[in-house]
Amino acid sequence: MRRVSTGIRRPTTWLAVAVLAVLVVLVALPLQGLVAATLQPDSVGSWTDVLASPLSGNLFWEPLRNSLIVGLGTGLVASLLGGFLAWVVVMSDIPGRRIIGVLATIPFALPSFAIALAWESVFRNDRLGGNPGVLASLGIAVPDILSWGVVPITLTLVAHYYSLSFVVVAAALSNVGGDLVAAAELTGASRLRIALRISLPVVAPAILSGFLLAFAEGVSNFAVPALLGLPVRFQTLSTRLYGSISTGDTERGYVLSILLVVIAALVLWVGNRFTAGKSFATITGKSSRPRRVTTGRWKWVLFTLSAALVTATTIVPGIVLATSTLLRRTNSFDAGLTLHYWIGESDPNIAQGMRGVLRDPIALDALLSTVSLGISVALGATLIGLLSAYVVTRLKRARAVTGSISLLSYVPFLIPGIAFGAAFIAQFGAPIGPFPSLYGTFAILVVAGIAASLPFAFQTSRSALGQAAGDLEEAAVIAGAGTARRLRSIVFPLASRGVVSGGILVFVTMVRDLSLVVLLVTPATPLLSVMTYRYASEGFTQSANAITLVIAIVSVAATLLARRLQGTNQSWSNA
Amino acid sequence: MPRRPLPTPLRYTLTVAAAFPLLIGLAACSAPAEAEETVDYSALSHDELVELATEEGEVSVYAFTSRIATVEEAFEAEYPGIDVVATDISSTELITRLASENQAGSATADVAYVSDAPVVVTELLAEGVLEQYLPPRMADVLPEEYQTPLVANRLSTKVLMYNEEAYPDGSPVSNLWELTDAEWAGKVVLVDPNVRGDYLDLVTEMSLRADEMAAAYEEHFGAEIELSDGVEDAGLQFISDLYNNDAVLVDDTDTVNAAIGALGQDAPPVGFTSYSDRRDNEDEGWALQVASGVAPSPGIVFPAMLGITAGAENPAAARLLIDFMMGDDTETGGPGFEPFYVAGDYPTRTDVVAPADALALDELGGWIIDAEASAERRDVVADFLLTIQ
């Protein structure tokens, strides 16, 4: 047996080296650049400014507390809701679970500000002036705590990111063999007991992955805390970080983002302790189909809860976003509806003569290059994420290596896009040896995109691989299969469900995210996210939202298409 | 490869990153230093410049506004042989991108059209990333303060505005210090100056104009100002009192506009925003109007600047584009200036008539910022703001 595991380990060691090398170039170097920038003689003072000066309270400690509350709140509630929905969709027998399963993946494809806007349109009070929300216009006094600050921020982020948990956990749950559940039923275990003692533990790594993703997204999101927090001076590390960089105090912003990375590393370490040393292998040589739980009289309660959740987080924000593109006046019904912002010819009386977005000559180009970028990045990131996850799950003993890989694959969220972009210009801006400079090409966008979206690919792959038992691979080693063969014939197929889910998340992030690529794009590769920025920066909200809606539609279409391509083994979407 | 000393942290970072062994080849293989620049572009006639620019055939520009697309069309119509490659990104990103590209020695823009003047001064001009180019024909028509450190083609504002539907008799405020009275508690909206550079410039200017702020205080309260502990001057005292009066901070200028401007409000707030956004009143259902005549000043006026990158690949076309964007000799500046000819923004040229439908610059009474003085002061102000949250 020892020879068998050595047979798996040795090539894996080489794979580990290769994976680490890639992660060093993509993540560690930009990170190291960030650290170096703050240690320079005239910027090292930023550390004391942030950590131990009269400013620290408002610059770091208070925002840190707020970020932790928001991040942990987002992570926990999102895991709870996402896990619950995943269970309902995969394991229960409630009606309409298939459509609920599709709707639950959409919030992540919607921009977080659309969900924040939906919240505002209901709960906005008179703190700011302007047009009040629905409740306030009905004469109901909405307290600040519901309109602004920690509650709406956390709930908005939950509404946006619970779909991460849902996607990861649903993929894992559909790998829970019916034999386990059947065995438990034979011994007379109650349904609740089965859910808590079998279904929940076997998807623990997936829940953890979902939590880690939601936490990192929660603490790094800028738009939502800025929109809903600033009016009551609720500052988070992300608003402070963004503010420092945009007011020209770059080093201070970098210090904050390094501290954010450290905090994330701690959360990652604590999270991993929960699952360390346990085996979650449920995909074995003798697989059996998942088995549904009969919910009986709870059926309609579960249905109502699930339907309400996806309605509030998908349908309502979707309608808000779609409607906002049709309003003649920004966020107001006063002047009626119009299709002008979609298809109108230039009219000097409307939006300073902006024509409809579908008449923008670069719209189609931008759509095509956005989709190709999304696909290229999804493929690249998935491959690297999967290989990293393979190394981490198979080389459990080499803690330093797996620890570095886990960390490097987790933190790209937390490095500000602008710093990432600057580092990429430094690394790829000039020719490297005999190779021409990648700068200004499509390739550098792909490389940067892969770096930024690794967390999704890695976390989803790790959760999927954690379920694949080692015995299949060991059998293959005995049969004489090499590493590449084993990866291709056993590991990839077994993990495919989780991995494809991860690929979709990567695609969705890539098509809507701007912050990283904005430093690297050239007019030769127009992107939809850049168009959104262009419209938004001149105050053409409707046009910006129209492009955002296009992005959301592309994302949803990609999600559905990927599910279809996965075919019949996707039990929960074909139920 | 000879490297220019690059003291800012960003550049240091990039040096360190570029020093990684993987990239050692870069130093060995990079192109030899460019040939000495021999052409004195300022001595060329316009036609000679056009000829050289047409030979180059292309010019790349980074701009902080999407209106650059209109400039591109107009320029290409005027000079058909020269292709404009325009990239629009935010000022912050533009500054970082130029600095990074300069350090990496990679392809970069020829021209930058940039706001955030104080940051440009410290991050780009001090490092020699951007250089000034004054088109010769501008020497007489552009006031000296708009010639350096870079030429400015127009001015924008961040000034106190109110809702003219709710206050039809004019500004409800005649002195900035009224905003610190109980009457305006929770009713002053501005973008958090710790989040946006132009609002930080506004507060910095109040600090730089502390004497005027002190005089206005005395005018309003009838007593000499007493500074609180840890407050250095009357400008900072004002912002401190404003924060204590529950000023509402938001994330974005459009949020300010909608809050103060929306029609149908009984007691709308006032706030600091761009005068030129008034042009969207009809479109958006706002009633924004500037609080002109407020003492000591309704706010700031700041430049949008044009610079040429060090070692620009298309030096002649770059100069021609800057020349074009400074406008022609008609009253409105012609097609090169047209996208920026907007009521509430101001042309810098003395011979271009400011658009009608807005107060003249001297009637507005805004403080015109001095980018260099502002650059020196704004860090202290930003830190102060952090302590009074």
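Residue numbers (my numbering), protein chains in the order written: chain A, -4 to 570; chain B, 14 to 402.
No residue lacks a Cβ here, since even glycine has one placed at the ideal position from N, Cα and C.
Note that this is a predicted model, so its numbers are computed, not measured.
The stretch 321 to 333 of chain B and the stretch 248 to 263 of chain B do not touch, with fewer than three beta-carbon pairs separated by less than 8 Å.
A:Val256 and A:Val30 have their C-alpha atoms roughly 11 Å apart. In this chain, the alpha helix (DSSP H) harbouring A:Thr149 covers Val145 to Leu168.
Within 7 Å of the CB of A:Ala330, the CB atoms of chain B belong to Gly298, in sequence order along the chain. Identification of chain A residues near B:Glu136 by a Cβ-Cβ cut-off of 9 Å yields Gly243 and Thr245, ordered along the chain. Cβ neighbours of B:Glu231 within its own chain (closer than 8 Å, five residues either side excluded): Glu237 and Ile238.
A:Val486 is positioned such that its CB atom lies closer than 8 Å to that of A:Ala463. Secondary structure at B:Pro360: strand, using DSSP grouped into helix, strand and coil. Within the stretch 84 to 108 of chain B, the beta strand (DSSP E) runs of at least 3 residues that lie entirely inside it are, in chain order, 96 to 101. By the beta-carbon neighbour count (other beta carbons within 10 angstroms, threshold 16), A:Pro102 is buried. Straight across, the Cα-Cα distance linking B:Pro311 with A:Tyr528 is about 30 Å.
In the displayed model, B:Lys171 falls within a strand according to three-state DSSP. With fewer than 16 other CB atoms across the displayed protein chains lying within 10 angstroms of its CB, A:Val129 is exposed.
Between the stretch 375 to 392 of chain A and the stretch 7 to 17 of chain A there are three or more inter-stretch CB-CB distances shorter than 8 Å, so the stretches are counted as touching.
Note on B:Ala227: 16 or more other CB atoms within 10 angstroms of its CB, so buried under the neighbour-count rule. Along the stretch 53 to 81 of chain B, going in chain order, the ones with a CB nearer than 9 Å to a CB of chain A are Ser73, Phe77, Thr78, Ser79 and Arg80. Using a Cβ-Cβ cut-off of 7 Å, B:Ile102 is close to Val513 of chain A, given in chain order. Judged by their CB atoms, B:Ala317 and B:Ser128 are nearer to each other than the 8 Å cut-off.
Nearest Cα to A:Ser233 within the set A:Leu254, A:Leu261 and A:Arg287: A:Leu254. Cα atoms of A:Ala211 and A:Leu449: separation of roughly 13 Å, rounded to the nearest angstrom.
Sorting B:Val97, B:Asp60 and B:Pro281 by C-alpha distance to the C-alpha of A:Arg122 places B:Pro281 at the top. Residue range Gly312 to Thr322 is occupied by the beta strand (DSSP E) that includes B:Met318. CA-CA distance, B:Phe353 to B:Val164, rounds to 15 Å.
C-alpha of A:Gly266 to C-alpha of A:Ala165: approximately 20 Å in a straight line. The beta carbon of A:Val305 sits closer than 6 Å to those of Ile95, Leu98 and Ala99, all from its chain and outside the five residues before and after it, given in chain order. DSSP places A:Val20 outside any alpha helix (DSSP H), giving it a letter other than H or E. DSSP places B:Thr286 in the strand class (E or B) of the three-state scheme. Across the structure, B:Val283 and A:Val250 are spaced so that their CA atoms are roughly 36 Å apart.
Between the alpha carbons of A:Ser215 and A:Asn61 lies a gap of roughly 12 Å. Residue pairing by DSSP places A:Val39 opposite no residue, since no beta bridge is assigned to it. Counting only the Cα atoms, B:Gly340 lies some 39 Å from A:Phe108. Taking every protein chain shown into account, the CB of B:Thr51 has fewer than 16 other CB atoms within 10 angstroms, so this residue is exposed. By the criterion of a C-beta distance shorter than 6 Å, A:Ala553 is surrounded in its chain by Phe502, once the five residues flanking it on both sides are discounted.
Neighbours of B:Leu213 across chain A, judged by C-beta separation under 7 Å: Thr242.
With respect to the C-alpha of A:Pro521, the residue from A:Thr365, A:Arg558 and A:Ile542 having the closest C-alpha is A:Thr365. Per the C-alpha coordinates, the member of B:Gly274, B:His233 and B:Asp336 positioned closest to B:Val72 is B:Asp336.
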